[in-house]
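The structure appears below as structure tokens.
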Amino acid sequence: MSESKGSCACGETKYTFSGDPVASAICHCLNCRKLTASAFSTALLVPSSNFHFAPGAPVKTVSLKHHVEGIEMTPHFCSNCGSLLCKTADDERFRGLHIVELWTKYRLGWVKALDVKQCIGFE
């Protein structure tokens, strides 16, 4: 089983995940756009049992219960530099979405669609 490693911008918060992602997506939802300060976000979805923060990592979590699609999402940030590290959500609708664009109804007009499955929501 392969292991991937990452960290925040300042390097204080480190994480690892193992195995292959269960889904991957480009997300245009308003929450992801705001959290990343970007036109869209990219996501690899891994089971929470395969994702681990390093012991003692300075992580701040915020519960977002106002997602436009009703998903309860929890973003995790580095407490030192504020980098968005990951988002967690207990929503089975994400499983099996392999290389798709999600919530395309929120895609900005100047962002071109990719040659992948286009989803208005969970389809």
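Take the sequence shown: its position 31, counted from the start at 1, is 31 in the working numbering, and no numbers get skipped. Glycine residues also receive a C-beta, built at the ideal position from the N, C-alpha and C atoms.
Exercise. Cα separation between Ser-38 and Glu-72?
Worked result: 21 Å
Exercise. Run through DSSP, which three-state label would Ser-18 get?
Worked result: strand
For this session: Tell me, to the nearest whole angstrom, how far the beta carbon of Ser-7 is from that of Phe-17; I am working on the premise that it is less than 8 Å.
Result: Their Cβ separation, rounded to whole angstroms, is 13 Å, which puts Ser-7 and Phe-17 out of contact at 8 Å.
Exercise. In or out: Pro-55 buried (at least 16 other Cβ within 10 Å) or exposed?
Worked result: The Cβ neighbour count for Pro-55, taken over all protein chains shown within 10 Å, is under 16; the residue is labelled exposed.
Exercise. Using the C-alpha atoms, what's the distance from Cys-81 back to Ala-9?
Worked result: 7 Å
Exercise. Closest by CA to Ile-120, which one among Lys-14, His-28, Thr-13, Val-22?
Worked result: His-28
Problem set entry | Selected residue, minimal CA-CA separation from Val-46, among Leu-64, Pro-58, Pro-21, Cys-32 | When only C-alpha atoms are compared, the closest one is Pro-21.
Exercise. Distance, Cα to Cα, Ala-163 vs Leu-85?
Worked result: Not covered by the structure: residue 163. The range shown for the chain is 1 to 123.
Exercise. In whole angstroms, what separates the C-alpha of Leu-64 from that of Trp-110?
Worked result: Here the alpha carbons of Trp-110 and Leu-64 stand approximately 27 Å from one another.
Exercise. Closest to Ala-43 by CA distance: which of Tyr-15, Thr-88, Leu-108 is it?
Worked result: Thr-88
For this session: Reducing DSSP to helix, strand and coil, say where Ser-63 ends up.
Result: It is coil, neither helix nor strand.
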